[in-house]
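Chains as they are written, first to last, in my numbering: chain A, 1 to 231; chain B, 1001 to 1402; chain C, 2001 to 2498; chain D, 3001 to 3366; chain E, 4001 to 4279. Backbone N, C-alpha and C fix where the C-beta goes; we use that ideal spot for every residue, glycine too. I have placed the structure first, in the form of structure tokens, so that the comments after it can refer back to it.
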Amino acid sequence: MLKIEGLNQYYGQSHTLWDVDLHIPEGQCTVLMGRNGVGKTTLLQCIMGHQAVKSGSMMLDGADLLKASVEQRPRVGIGYVPQGRQIFPLLSVEENLQVGLPVRARNDRKIPEYIFELFPVLAEMMHRRGGDLSGGQQQQLAIGRALVVNPKLLILDEPTEGIQPNVVTEIGDIIRKLNREMGLTVLLVEQKLPFARKVGDRFCILDRGRHVAEGEMEALDDKLVAQYLTV
Amino acid sequence: EETIKVGILHSLSGTMAISETTLKDTMLMLIDEQNAKGGLLGKKLEAVVVDPASNWPLFAEKARELVSKEKVDAVFGCWTSVSRKSVLPVFEETNSLLFYPVQYEGEESSKNVFYTGAAPNQQAVPAVDYLMDQGVERWVLAGTDYVYPRTTNKILEAYLKAKGVAAEDIMVNYTPFGHSDWQSIVSDIKKFGSTGKKTAVVSTINGDANVPFYKELGSQGVAASDIPVVAFSVGEEELSGIDTGPLVGHLAAWNYFMSVDSEANDEFIDSWQTYIKNEDRVTNDPMEAHYLGFKMWVEAVKKSGTTEPAIVQDSIIGVSVPNLTGGYATMMPNHHITKPVLIGEIQDDGQFEVVWNTAGTVAGDAWSDFLEGSKDLISDWRAPLSCGNYNVKTAKCSGQNF
Amino acid sequence: MSKAFDNKSRGLDLLVETSHPRTSEILQLLSDSQLYYHKKDKRLFIITHYVTGKVAKDLQGNEQVIKKKRDFKKVTLNNKMRGQINRIQAELGLNADNPQQREAAVRDLLKDITPGTVATLKTRFLIEESKNVREMINIALAINDLKSSDDVLLSNAIEQLDGSLEQESRSALVAFVSTAQSPLLKKQAQIALKGIEDKVQYYGWLETLYFGLSLGSVLVLAGIGLAITFGVMGVINMAHGELIMIGAYTTYVIQLLMPDHIEWSILVAIPAAFVVSGLVGIAIERGVIRFLYGRPLETLLATFGISLILQQAVRSLFSPLNRSVETPDWMSGLIQINPVFSLTLSRLYIILFCLVVFVALLLVLKKTALGLQVRAVSQNRAMARSMGIRSNRVDALTFGLGSGVAGIAGVALSQLTNVGPNMGQAYIIDSFMVVVFGGVGNLWGTLVAGLSLGVANKVLEPWAGAVLAKVLMLIFIILFIQKRPRGLFPQRGRAAEG
Amino acid sequence: MGVLNIVKNDRGGQIMLGVLLVITILVPLLNLFVPETNPLHVPTYTVTLMGKYLTLALLAVAVDLVWGYLGILTLGHGAFFALGGYAMGMYLMRQIGDRGVYGNPELPDFMVFLDWQELPWFWQGFDQFWFAAIMIMLVPGVLAFIFGWLAFRSRVSGVYLSIITQAMTYALMLAFYRNEMGFGGNNGLTDFKDLVGFSLQEDTTRIGLFVLSAVALAVGYLICRHLMNSRLGRVCIAVRDAESRARFMGYRVENVKLWIFVISAMLAGVAGALYVPQVGIINPNEFSPINSIEIVVWVAVGGRATLYGAVIGALLINYAKTYFTAELPDVWLFALGGIFVLVTLLLPKGVTGFVAGLKQHKEVSA
Amino acid sequence: MSIISAFEQAVDRNHVYPFLVPKQAPKLDVSHNVLLYLEDITVSFDGFKAINNLNLYINDGELRCIIGPNGAGKTTMMDIITGKTQPDSGSAWFGQTINLLEMDEPAIAQAGIGRKFQKPTIFEELTVWENLELAMADDRNVWSILNARINSEQSSMLLETIELIGLQANTKMLAGKLSHGQKQWLEIGMLLMQKPRLLLVDEPVAGMTHQEMDRTAELLSSLAGRHSVVVVEHDMDFVRNLAGKDRTVTVLHQGSVLSEGSMNKVQQDPKVVEVYLGE
Ligand SMILES: Nc1ncnc2c1ncn2[C@@H]1O[C@H](COP(=O)(O)OP(=O)(O)OP(=O)(O)O)[C@@H](O)[C@H]1O
Ligand SMILES: Nc1ncnc2c1ncn2[C@@H]1O[C@H](COP(=O)(O)OP(=O)(O)OP(=O)(O)O)[C@@H](O)[C@H]1O
Ligand SMILES: NC(N)=O
Ligand SMILES: [Mg+2]
Ligand SMILES: [Mg+2]
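What follows is the structure in structure tokens.
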């Protein structure tokens, strides 16, 4: 579905991503892994258009994503749950969700019910300001908000960070459900191995800005872990 | 080719641009005309325009620039008293000439400044005389809180009391620059004026504050026949920015009105409207003052055959030129000039109709006879006295640097 | 000069004495300054528009074309004569058909009650049908009766004047108290006077409140556009005042374009000013501000530059002089509630207008998709874009909205104050003060802040004077912000801190 | 040497101070010893003008200290400048003595003609230079202290702080416009004659003031640089970027802010005091909020949080003003406004940031 | 106070006004071996009780793990201890003598309570080195920080810490440019530099790899004893690792303590399983 080739990115003078290739097959859940600071978030930001790309190509379902502006990317079907959640702090929970409505089809501009089934806490906190929620609640809101745009590809940057264990399990279940039952393609950045193993179909490892390994989740062995994921 | 440089020091931006820009244009016109007549002493006049931007320190800087850098022979400029005070030391230090065209509070006479606007005795006092004559018994002295209104009102208060007006029949009110909400004050004036005694407002309200003031008078229904307002800072130019419909009958005291019927005036208006390429442009009193100041300077230069300020300073005293109202203006030894005093009523076309005028001209008085500190002072720049503030009691010329 | 006026004045008296049927018509013409005389033959003419080419009618209705500007001369009046005419008209008005006119006529006569007027009033009273007019005549007669020495008559007169708010009643009572012989009557008059004073004081407070609300509305109107560009979008918009100014100039231009429909020009000017200022705002946003998001302090610098440019542009385009904007008739005048309390119409409209603008804006921000998008963008631009919000469009529209509202404020201000190149500067400081005092980003805050500052200012003004009142208000704001460091209606909770 | 140590790592400062030193030595020489006919002659007019610019540059440095390093966008620093100016003005007024137009040895002219009978208490002492010199620093310092003590303790910050600083200067402006305040109202204080015995009309006095301004700027700059080199400077930046974090680390943020604010106000006061004798007038307009906003604009044009950027910005804009108001009197606001807009768009870090960027670029490509 | 006595006081040059007396926290006294007392604390936001009658005691030198569902009030509890939030009722004492509720944030920090935030907060415009320098325990009044110089002892401490947090390569880098995980480490480093008596650590390992988590656990364990440490974390592996067998774990739920005891005990508590652990 998403095909990235030869991607290079710079922060000012410093070269952060080096010739990154990344293939996200349709309908699968790909987990992007790597140590702190290797450029995972940066890569996602390139996909979302928040970081300028120096060279390389990026195709979504055959269409050139690099030509799309930031605000078009959700329209072509990308939902984004950023690292650090990025909730609109002064909007209520409901309004946070409503923000994505204009992306939806004209006759279907309301928040889908299933979001509240996935995250009952959101229904409970409907009128509280997003910024007042606890970290975990915000994370759920961020996922819910990304679902409002009806994405084909859901991108999550460390969504379990700061979430209570049973909710982590739940989020895992939900990601799987979205992926397996609703057919959403998922790109997940995750540091926690057990979680990654549980939800991911495939893995993909970055190291110091380079793409160094990928494969089916089963192929992620101790050697790779030791080489790229431990300090 | 050598020219005679004339400096023009009027704000073209900032709060005072509204009044002063016209004076810059007037000066340019006068200089053009003079050049068309062949210039002066066989040389062309050259105007040097700078913009002191309604900023008082900048006035001093620009004045120095004109005198020291541009080497102009005379400067025509300033509107507010503070700008004049700011440049005064520069002109005194460099011993050069400034022509100041605006009515002011008096209490000044500099060797280097020629005051072609009215002193209080040429505007305020006659206006009050007129109103008294019309039966006014209660007085509101309303002004912007700065030196000109304060001094003028001080003089008027002393004058009114001397004429037997009781203290409770005088209401004094000051407002900040650019005051825009006049509701309470107009309402107070209304109340003050509703006791049965004939009441009038003497307004020294300055500049931008006038429009909202008159609008408020209009909307609270204060008609000129009930409580007339006589203003010293509202002329044709100011009226051109106000809907005059509700103001008909309110008064102003000046030494010139555009509506005055005289040949010289017709000619002046014609050349102004031609120069500025706008048939609707009005003329006003400070313009006449510049007109007079410029003519006097030209005469004085011709008389002495040089533009040297030190010499022109002496030769200009006593110079007499026709004014625009059909009389003559003479430069007095105290550097003020003689002027007729006119009272006009606002008409709905934004003009003033003269309803009263002095029989002849009045000489400007640098030092008011109604102020404790200055009633003993006189000014005479002719030798041997050569002093702007000579105390007749102590027979001393208070220490000035020259 | 004044001699001439004295003669004219005597002429008027003569005219009245002849009780010519056209007396009142001529008086009206005089006070409307439509009466002219031909310079040569001294005949009187009626001229409605003194323009060469139009016709002048003489009193017999013969027409004559105006050929030269100086052929005719207006019959001028001075204030004394205007007073005289008013008075004569009042006496004539006593027999007018309209009861309000008759009441006004009696009220005019109160100023100077002579035996002659007493007689006229007494005759009128017999045939008068309107209750109000009879009441007014009674007051006039009572004032007259206070001069008598008959105790019963006096007591009745005092009773009649009790509660009357006419200034003349009060003066008459005050005069009576100071000279009264009978202690009993004196007491009675004092009580009546006290009652009147209390009432006057009460209305005085109402008046202060009204003045305060109207000043407050001006502050709110001036500030509310800024509450959007600055409060919501975070642009320190120093050009806000100039956007107000552009709205005011738009009003002026509209009036120039429709000189025969001044009445309606204001209604046309409101949308026009919104559009013009809005477009200028959009141009500023697209041209400059959009490069500065995330650098709020730099918007200060750039918009300060823009404000200088706009000021000078207006100076170059329209001249540095103030422009005259007329007030349509339906907006001028006042509603006289009673002799000591009246509402000026223009202010009343402005209060209402302010509320309408406020409610409209509130609805836009709270109830529309645009409103939600605006808030989302202002809180987290990058994330909003990732949710599909076209932030460019939203920014331009929002800035345009705020600017347009500033333009509307300009229309309102053109009715109250100068329309000139400096007018923007006069409002920018106050606008920021109001928005910040209310709490940045909160429209309600702006409303409450503006109105309460207006009222407080008007309460302070009588005893502190206009200058000190303003100084005290500023000190109050400084101290208030110590108590509530985020304004009247602060953003609360965790969100505001982070 | 201490001074060199302070600017050890400060290229911009070194250059700026170097140029300042050269000018300070050269200009008086060119004024006094080069004949007027020589093109190299620097007229007194120019010397005074430069002296004025230098005082404004010192003011800009004071603003940069609190805005650039502490993040306090002050829109009221003109007030401290004006207060310093008034303190100097009062001294200069008292120096006039009986040489005023009314010849009153005690009262300034404006008091005489408004019929004041005696000198108000707050004018006492200003006939002594040492007293005035103390007041020049003390008055702005105390006002800044009271204001800052209230505001910082209540944690007023951001635009709220900016607006109340603006309210402060606005209130002072209105108050000083009142004639009853006893500071000459709108006309302010003028007609100064001499300063510690030197006539203000003498060229040598003007040169002295110019040199003094240059020295004040240099000393002010070094003080600020020294402060910012210290750990205190880093705490300032920490406070600017994450105030509450600094608090949780145990720093008394309000004290840090307060002292920097007070120091900055005192520098502004000194700048004002040197400004007044050179321009010859002090009037309430100096308190006007627009003036204070302009100062911030100078700093932004020069480049924030560099100190020397403030100097460059102040000199550049004020020179541009002098130049434009003479050369383009009718349209100069277009030019000045245009500069502000363009600088913001094209040089987001101000002139110094641009130059630094150029250099970096060169280094990288080299 | 009568006017006369007020006047006398005003002229008495030895009189010291209370507001002039520098607020000096009393000396820390842990004679009862308890470092932190939170008793009956309640906080509500717009009617919502975030903390409800909370009682919590931390012993001197203890390492305490606190877990609990999202929104249980863990962060709010830290806000109260560090002076950011004032509780509606209850008391908070640091040792026997220091009343935390009467002190503001800097005073509390100077008394010896350090904190790491849930969302990493560092000074983005300062370098890593400078961040750590500012955090370093030292005199904090304005005059001292103006004259502060880093001595060799402090310098080596800085270097040690930088090595410990693995940012040697980034010493001169502006902290704003670090990645999320690096910022976490930097903030831990800053906490260490502060040498607090009590460390409050809110979700230190969010965004770290497993191995880094182990290192962090090791680090925090090594601090216990000399310092008291309160750790809030959702990662159960990390908590298990940290708590070992005998350290106390507290479970917060809806603003009060749901369960307390050893990890084993807590893990088996059905209430905890239901609201928090799941499965
Ligand atoms: N705005 C920026 N400017 C300069 N460098 C940056 C910026 N943002 C990130 N970096 C650097 O780019 C590198 C990659 O950062 P990125 O945030 O993509 O890492 P990450 O893999 O997501 O790490 P983590 O797991 O800690 O979130 C890091 O070394 C970081 O220091
Ligand atoms: N300022 C506030 N205004 C309103 N509600 C608040 C505020 N601060 C916290 N809350 C609410 O209080 C509750 C407790 O929040 P807190 O952040 O302490 O939870 P937490 O235990 O730290 O959760 P997490 O593990 O997700 O970080 C939450 O429901 C939150 O929404
Ligand atoms: N002189 C005046 N009007 O300021
Ligand atoms: Mg990341
Ligand atoms: Mg938390």
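Remark: the shortest separation between the CB of H211 (chain A) and any heavy atom of ligand 4 does not fall under 7 Å. For ligand 1, no non-hydrogen atom lies closer than 7 Å to the CB of V3066 (chain D). Neighbourhood of G2424 (chain C) in chain D, by CB distance below 8 Å: empty, with the nearest CB roughly 11 Å away. Counting only the Cα atoms, F2304 (chain C) lies some 7 Å from G3337 (chain D). For ligand 4, no non-hydrogen atom lies closer than 7 Å to the CB of H4253 (chain E). Using beta-carbon distances, D1145 (chain B) counts as an interface residue toward chain C, with a partner under 8 Å. Counting only Cβ-Cβ distances below 9 Å, F3261 (chain D) has no contacts in chain E at all, with the closest Cβ about 12 Å away.
Straight across, the Cα-Cα distance linking D2032 (chain C) with E1216 (chain B) is about 21 Å. For ligand 5, no non-hydrogen atom lies closer than 7 Å to the CB of T4082 (chain E).
For the pair T3044 (chain D) and N3031 (chain D), the CB atoms are nearer than the 8 Å cut-off.
Of the residues assessed, S1203 (chain B) falls on the buried side of the cut-off, its CB having 16 or more other CB atoms within 10 angstroms.
W18 (chain A): member of the beta strand (DSSP E) spanning S14 to I24, first to last residue. Around P89 (chain A), no beta-carbon contact reaches into chain E at under 9 Å, the shortest distance being about 12 Å. Nearest in C-alpha terms to R2323 (chain C), of all of C:Q2336, C:G2420, C:W2205 and C:Y2037, is C:G2420. For S1379 (chain B), the closest of B:W1367, B:E1372, B:G1373 and B:L1371 by C-alpha to C-alpha distance is B:W1367.
If you ignore the 5 residues before and after P2183 (chain C), its C-beta comes within less than 8 Å of no other C-beta in its own chain.
Among the residues of chain C, none has a CB under 8 Å from the CB of I1205 (chain B); the nearest is roughly 11 Å distant. Under the DSSP assignment, S4262 (chain E) falls in the beta strand (DSSP E) whose first and last residues are S4256 to S4262.
Proximity of the beta carbon of L188 (chain A) to ligand 1 is not indicated: no heavy atom of the ligand is located closer than 7 Å. Approximately 6 Å separates the beta-carbon atoms of V1006 (chain B) and I1031 (chain B); this is inside 8 Å, confirming the contact. Look at A1224 (chain B): its C-beta is under 8 Å from a C-beta on chain C.
Fewer than three beta-carbon pairs drawn from the stretch 1291 to 1300 of chain B and the stretch 1236 to 1251 of chain B are found closer than 8 Å, and the two stretches are therefore not classed as touching. For the C-beta of G2225 (chain C), not a single chain A residue is nearer than 8 Å; the gap to the nearest is close to 21 Å. In this structure, ligand 1 has a non-hydrogen atom nearer than 7 Å to the beta-carbon of Y11 (chain A).
A Cβ-Cβ separation of about 19 Å leaves A3271 (chain D) out of contact with G3148 (chain D) under the 8 Å criterion. Interface residue (Cβ-Cβ distance to chain B less than 8 Å): A2313 (chain C) is not classified as such. Residue state for T3190 (chain D) is assigned as strand, using DSSP reduced to three classes. Under DSSP, R210 (chain A) shares a beta bridge with A:W18 and A:D207.
Relative to the non-hydrogen atoms of ligand 4, the Cβ of Q164 (chain A) never comes closer than 7 Å to any of them. Counting along the chain, the unbroken alpha helix (DSSP H) around Y2249 (chain C) starts and ends at H2240 to L2257.
In terms of Cβ geometry, V4034 (chain E) and N4059 (chain E) form a close pair [threshold 8 Å].
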